[in-house]
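Inspection log for the structure reproduced underneath, given as structure tokens.
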Amino acid sequence: MNPVEAPATTGTDEAEIGVGNPTAREAEAVRQAKARDPEQFDRFYQTWEGPTGIRIFSTVDNTPLGPAMMIMSFTFLLIGGLIALLMRIQLAVPNNTFLGPETYNQLFTMHGSTMMYLFAVPFFEGLVILLLPIHLGSRDMPFPRASTLGFWTFIFSGLMFYASFFFKDVPAIGWFAYTPLSGPRFTGLGTDFWLIGLGMAELAGISMGVEIVVSVLKMRCPGMTIGRLSLFAWTILTIGVMIVFAFTTLLAATVLLETDRLVGTRFFDPHYGGNPLLWQHLFWFFGHPEVYIVVLPFFGVITEVLPVFSWRPVFGYKGLVFATLGIAALSMGVWAHHMFATGAVLLPFFSGLSFLIAVPTGVKFFNWIGTMWGGRLTFQTPMLFSIGFLLTFVLGGISGVVLASPPLDFQLHDSYYVVAHMHYVLFGGSVFGVFAAIYYWFPKFTGK
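Numbering (the numbering used here), first residue to last: 95 to 542.
See below:
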């Protein structure tokens with residue numbers, strides 16, 4: 095509709111169209127639309143009218159839902175950080191008795207599970223729910239109720255993870271739950287709660303992955319071809335495809351393990367012809383793409399932040415797009431580098447792919463440096479966190495190249511070198527990116 099000049103509107107008109115402080119021409123355009131077809135106008139107004147009641151319990155609007163999911167995930171970050179603090183107290187001095195061995199293993203399990211399943215993925219999904227429509231020029235996500243379902247499903251999965259504390263049977267199986275130690279022979283009710291929580295988190299993630307793919311492919315504004323997408327949107331599209339494949343695999347593995355525990359099947363029990371390594375294959379087919387599912391969104395964040403505070407366009411748009419696609423493709427084929435020490439995988443193949451995945455990651459780093467090179471850098475808070483991301487993540491990447499070599503991995507497997515590598519990657523790639531995003535898009539989050 096073409097707005098025309100009109101006198102200022104009254105308060106009644108503003109309340110009628112449901113927006114605060116409309117301009118005179120917007121209000122006049124709305125009145126004209128209502129006069130032309132009152133029935134259609136009423137249907138449109140009812141479709142986009144906000145729900146009644148407590149907004150967070152009934153809304154399907156991406157604007158409050160995205161920040162709510164980020165706040166929820168940040169709450170789990172604080173819980174996971176508190177658990178990590180208890181573990182570090184135990185490790186502070188030799189022969190400490192602050193935590194017993196079983197309690198330490200339980201906290202280790204809950205810390206890893208909280209950070210991997212309840213913080214990293216929900217935060218990026220909240221970021222996507224809020225920002226992706228803005229990047230695509232669309233009004234909302236394609237399936238708003240699916241976004242709401244994912245939000246509440248994540249909360250329910252967190253309650254399931256921590257329900258074991260109330261039954262005094264906290265699982266001590268690690269965030270990876272290797273079989274047969276996570277089978278019915280060695281663990282009790284707490285592992286069932288853990289598996290239910292994991293399954294719910296996977297279902298929420300899969301629904302979000304489908305919504306991301308549909309949103310980017312079908313909800314772009316007129317004129318926005320696939321080649322005109324922002325690099326953030328490209329990154330999110332890639333992650334959506336990865337989620338659909340990786341999370342579905344882990345969901346299948348979770349169902350198999352739970353049927354082993356509750357129904358009496360023997361998929362992972364070697365005493366009855368099962369194969370415990372099957373769980374590792376299924377889990378790490380999810381687990382390695384999961385690392386990049388967690389990190390890639392913040393690659394997109396950094397790619398948005400660096401050009402702004404370098405005062406120059408991003409360097410190498412196509413190179414960054416193809417590097418993102420290359421990382422996604424290779425990450426789906428290197429899962430068994432977590433299993434070198436088992437002796438049951440083809441070492442040259444998975445080692446070679448693991449070395450190769452460093453190439454597109456290096457391309458991204460060179461493009462990020464190229465964006466800053468010769469720019470007029472301003473070191474505001476989002477830029478500082480982005481530089482911290484570059485420094486920390488590159489340490490994680492270099493240590494990952496070391497672990498891609500089977501002879502070195504045999505020596506370093508299950509050592510604190512692996513712990514350091516993982517935390518450099520995830521803390522440098524996720525938490526620094528989280529704070530860069532919070533400070534950079536704070537006006538979008540708050541309206542201030």
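Here a beta-carbon is modelled for each residue, glycine too, at the ideal position from N, C-alpha and C.
Beyond the five residues adjoining it in sequence on each side, Pro236 comes within less than 7 Å, by CB distance, of Glu305, Val308, Ser309, Lys312, Met313 in the same chain, given in chain order. Contact between Gly268 and Gly206 holds, with the beta-carbon distance rounding to 7 Å and staying under 8 Å. For the pair of segments examined, the region 517 to 536 was found to touch the region 470 to 485: the number of CB pairs separated by less than 8 Å reaches three.
The region 492 to 502 makes contact with the region 431 to 443: 3 or more CB pairs, one atom from each, lie closer than 8 Å. Shown here, Asp136 sits in a helix according to DSSP, grouped into three states. With respect to Glu296, Leu344 sits close: the two C-beta atoms are nearer than 7 Å. Judged by their CB atoms, Gly252 and Leu289 are not nearer to each other than the 7 Å cut-off. Counting along the chain, Leu230 sits inside the alpha helix (DSSP H) bounded by residues 215 to 230.
Inter-residue distance for Glu352 and Pro370 is about 14 Å (C-alpha atoms, whole angstroms). Per DSSP, the continuous alpha helix (DSSP H) segment holding Val453 begins and ends at 452 to 466. CA-to-CA, the gap between Leu275 and Ser493 works out to about 29 Å. Residue environment: Asp155 is assigned as buried (16 or more neighbouring CB atoms within 10 Å of its CB, all protein chains considered). If you draw a 10 Å sphere on the C-beta of Ala438, you find fewer than 16 other C-beta atoms in it, and that means exposed.
The C-beta distance from Ala422 to Thr332 rounds to 5 Å, short enough to fall under 8 Å. The DSSP assignment places complete alpha helix (DSSP H) segments of no fewer than 4 residues inside the region 370 to 438 at 370 to 404, 411 to 425, in order along the chain. The way I'd put it, the region 403 to 422 does touch the region 451 to 462; three or more beta-carbon pairs between them come closer than 8 Å. In this structure, Leu230 is the residue among Ile165, Ala514, Leu230, Lys538 with its C-alpha nearest to the C-alpha of Met318. The region 183 to 198 makes no contact with the region 234 to 249, as fewer than three CB pairs between them are under 8 Å. Scanning the region 486 to 511 from its first residue to its last, no whole beta strand (DSSP E) run of 3-plus residues comes out.
The C-beta of Asp286 has 16 or more other C-beta atoms within 10 Å across all chains shown, which makes the residue buried.
Only exposed fits Ala514, as fewer than 16 other CB atoms lie within 10 angstroms of its CB.
Under the 10 Å beta carbon count, Arg355 is surrounded by 16 or more other beta carbons and is classified as buried. If the five residues before and after Ile249 are omitted, its C-beta is found closer than 8 Å to the C-beta atoms of Met166, all from its own chain and listed in chain order. Between Ser509 and Thr465, the C-beta gap is not smaller than 7 Å, which leaves the two residues out of contact.
If you check the CB distance, Thr475 and Tyr533 come in under 7 Å. Rounded to whole angstroms, Met254 and Gly469 show a C-alpha spacing of 49 Å.
With a cutoff of 7 Å on beta-carbon distance, Met426 and Ile387 are scored as not near each other. One alpha carbon belongs to Ala127, the other to Gln134, and they sit about 9 Å apart. Around Arg360, the same chain offers Asp354, Tyr366, Gly367, Gly368 as residues with beta carbons nearer than 7 Å, after the five sequence neighbours per side are excluded. In this model, Pro391 and Arg125 are separated by some 42 Å (Cα to Cα). Ile451 is positioned such that its CB atom lies closer than 7 Å to that of Leu424. Within the same chain, Thr247, Phe250, Ser251, Met254 come within 7 Å of Met294 by CB-CB distance, once the 5 residues on both sides are set aside. Within the same chain, Asn156, Pro227 come within 6 Å of Asp234 by CB-CB distance, once the 5 residues on both sides are set aside. Residue environment analysis places Trp328 among the buried positions, since at least 16 neighbouring C-beta atoms fall within 10 angstroms of its C-beta.
Judged by DSSP in its simplified three-state form, Pro278 adopts coil rather than helix or strand.
Closest by C-alpha distance to Phe245, out of Gln140, Met302, Gly334, Thr348, is Met302.
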